[in-house]
Every structure is written in C-alpha cells, then in structure tokens.
Amino acid sequence: MTETTRAADLDRLYDLFDELAARVGGPRRLADCHGRMDWPDRGVYFFFAPGETRASSGQRRLTRVGTHAVTEGSKTTLWDRLKQHYGTGDGSSAHPHGGNHRGSVYRLRVGEALVEHHGLADAYPDWGTSRIPADRPRAAVRDEEYPMERWVSSYLRHQPFLWVGVSDAPSSTSDRARIERNVIALASNYGGPVADARSTDWLGRHSPNAEIRAGGLWNVEHADESHDPSALDTFAEYVADAEPL
222 MTETTRAADL
232 DRLYDLFDEL
242 AARVGGPRRL
252 ADCHGRMDWP
262 DRGVYFFFAP
272 GETRASSGQR
282 RLTRVGTHAV
292 TEGSKTTLWD
302 RLKQHYGTGD
312 GSSAHPHGGN
322 HRGSVYRLRV
332 GEALVEHHGL
342 ADAYPDWGTS
352 RIPADRPRAA
362 VRDEEYPMER
372 WVSSYLRHQP
382 FLWVGVSDAP
392 SSTSDRARIE
402 RNVIALASNY
412 GGPVADARST
422 DWLGRHSPNA
432 EIRAGGLWNV
442 EHADESHDPS
452 ALDTFAEYVA
462 DAEPL
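This is the structure we're talking about:
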C-alpha cells in the first residue's frame, strides 16, 4: 500500500471521527462520566492526546484505540472496560482515585512510561508484573503502587475520547475487533513512515515498548500490521447510526 493511499485513509478516518463527534455530542472525558449514562452495551472507543493535533488539519490526534468482549461468551460491556481505565472513585476508602493496572492494559502502559520517564523503577518494582509475587503481601503491594495508580488515573481521566456502538456478538472476528485492529494498523507509525508526528513531550516516547514509542499510539497489538481499507466502510456504517448518550 502506498503512502498516498494511507494518507487518504487517515484523512477519511479523522473525518469519520469528526462525524462521530457531531453525532454523539462531542468527545467526553472519563472524569465527567459514570455508569448511569446510556452507554451502548458494546462498542469501540478512541482516546485523543490532549493538546496534540494533526499538522495537516488541526484535528485532535488519536492516541489509543480499544474495545472489549472479543472472546466468545464474554459479558464485558463498553462501560465495564472504560471503568477499568477510569479506576476507583471517591467510594474507595483504601485507594480513592486509584485503580488496578493489572486489569487495564491502558493503565499498565501509561504507568510503565511514567516509571521510565521519572526513574521510578526502584519505587515500583512490581509494576507491570501480571501477578503480584507470592512472597509479597497483596495489600502491601497495592499500597505501594497506589501513588502511581492515582497518577495514571489523573492522566487518563482528562483525555478526550469518542465511542461508537457496535453491538455484534463477542468474537475475535466481530466488527468491533475488526475496527479496532485496522484503525490501530492505519494510525500506527511503527515500522513505517511517520504520519501525524507526535509531540516531543508525548509521554509515550518514554514507553519501554518500541511499538508505542515509534508507533505513536498506546497500543502494542496490531501496530506492525497493514490495514484493510474496507474496515473504514464498516466503521462508517456504525458511525452513521451513532446517537448521543
């Protein structure tokens, strides 16, 4: 696929984001959201980097793509997944406004970059481990990681994001999985020419993952793939049916 074709598809993707924003009433921030809002049961979400825009158009720059329920039988809803990124609220007596990065890859990746950027590996030795080591009390590790979880919450909750309802059945071949995979492949710069250059102070430049540093998205999976342009047609069909919360 030529760079001219990719550029045209990127322009179309961002125009679809503009249409989606108009249909749902504009982007939201997790800081302003809650589970009582009329979220679609299933969907795809798109986070944008605050203060970063495309040089060619001034449109907000995409920074993270995600979905949920791509395994048969999964009951996870769109808000379930967004709530994992949001973290805990005022009601958490032990760790208010913290979270669990072991349940949210987005939180994990942002925390990794903060640890790397600020030289905090000694302070957070278990950050990024899928399971807390058996010789360490779980409560002690959660207390130790709480300041970083709060930092991650603050970072994520102020990023504008859009969502589109995609109500097909949970499956790795669902339209949700297809849209997620192809939008990442299209927007990522990993392994190819740079489009929509990231700012020099974008936190992801400090990620230990080359796919994030070079790709410019908080996504690792699908960053090295080629996109299928017809997936944008699928995305456009769901955007046309999008409604405000």
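Here my numbering = 1-based position in the sequence shown + 221.
Yeah, the Cβ is synthetic: ideal placement off N, Cα and C, and Gly gets one too.
Quick one: give me the first and last residue of the beta strand (DSSP E) that residue i is part of.
i           : result
residue 281 : 281-287
residue 320 : Where residue 320 is concerned, there is no enclosing beta strand (DSSP E), given that its DSSP letter is neither H nor E.
residue 331 : First-last for residue 331: 326-338, but that is the alpha helix (DSSP H), not the beta strand (DSSP E).
residue 387 : From DSSP, residue 387 is part of no beta strand (DSSP E); its letter is neither H nor E.
I need the straight-line Cα distance from residue i to residue j, nearest angstrom please.
i           : j           : result
residue 289 : residue 375 : 23 Å
residue 333 : residue 405 : 20 Å
residue 280 : residue 271 : 11 Å
residue 449 : residue 227 : 10 Å
residue 430 : residue 276 : 25 Å
residue 300 : residue 408 : 24 Å
residue 234 : residue 292 : 26 Å
residue 223 : residue 314 : 54 Å
residue 245 : residue 356 : 48 Å
residue 322 : residue 243 : 32 Å
residue 312 : residue 258 : 18 Å
residue 342 : residue 370 : 14 Å
residue 345 : residue 440 : 22 Å
residue 425 : residue 248 : 22 Å
residue 451 : residue 395 : 14 Å
residue 324 : residue 352 : 11 Å
residue 340 : residue 465 : 42 Å
residue 362 : residue 350 : 11 Å
residue 337 : residue 393 : 33 Å
residue 364 : residue 403 : 38 Å
residue 359 : residue 422 : 34 Å
With a CB to CB cut of under 6 Å and the five nearest residues on each side skipped, what residues in its chain are close to residue i?
i           : result
residue 446 : 406
residue 411 : 432, 435, 436, 444, 445
residue 298 : 262
residue 398 : 291
What residues in its chain sit with their C-beta under 7 Å from that of residue i, if we drop five residues either side in the sequence?
i           : result
residue 385 : 241, 264, 265, 459, 460, 463
residue 354 : 347
residue 367 : 316, 319
residue 309 : 316, 317, 318, 319, 320
residue 379 : 250, 252, 271
residue 306 : 251, 325, 327, 328, 377
residue 282 : 269, 270, 273, 274, 275, 417
Restricting to Cα atoms, I'd like to know which of the options is closest to residue i.
i           : options            : result
residue 428 : 267, 285, 330      : 330
residue 286 : 327, 411, 275      : 327
residue 230 : 370, 361, 417, 387 : 417
residue 253 : 413, 381, 297      : 381
residue 267 : 340, 410, 377, 371 : 377
residue 442 : 392, 387, 401      : 401
residue 261 : 302, 352, 351      : 302
residue 225 : 425, 282, 360, 414 : 414
residue 284 : 466, 389, 438      : 438
residue 239 : 306, 389, 383      : 383
For residue i, I'd like the list of residues in its chain whose CB is within less than 8 Å of its CB, leaving aside the five on either flank, ordered along the chain.
i           : result
residue 237 : 453, 456, 457, 460
residue 420 : 270, 272, 273
residue 304 : 256
residue 278 : 232, 235
residue 295 : 289, 391
residue 373 : 308, 320, 322, 328, 331, 332, 335
residue 387 : 261, 263, 264, 265, 288, 395, 396, 397, 400, 459
residue 389 : 263, 395, 396, 397
In the DSSP assignment, find the unbroken alpha helix (DSSP H) run with residue i in it and report its ends.
i           : result
residue 368 : 359-378
residue 454 : 451-461
residue 231 : 224-245
Measuring from the CB of residue i, is there a heavy atom of the ligand PLP at a distance below 6 Å?
i           : result
residue 391 : Because no ligand of any kind appears in the structure shown, any question about the ligand PLP cannot be addressed here.
Which runs of the alpha helix (DSSP H) spanning at least 4 residues fall entirely within the segment 249-308, listed in chain order?
299-307
What are the complete alpha helix (DSSP H) segments, minimum 4 residues, inside the segment 392-436?
396-408, 431-436
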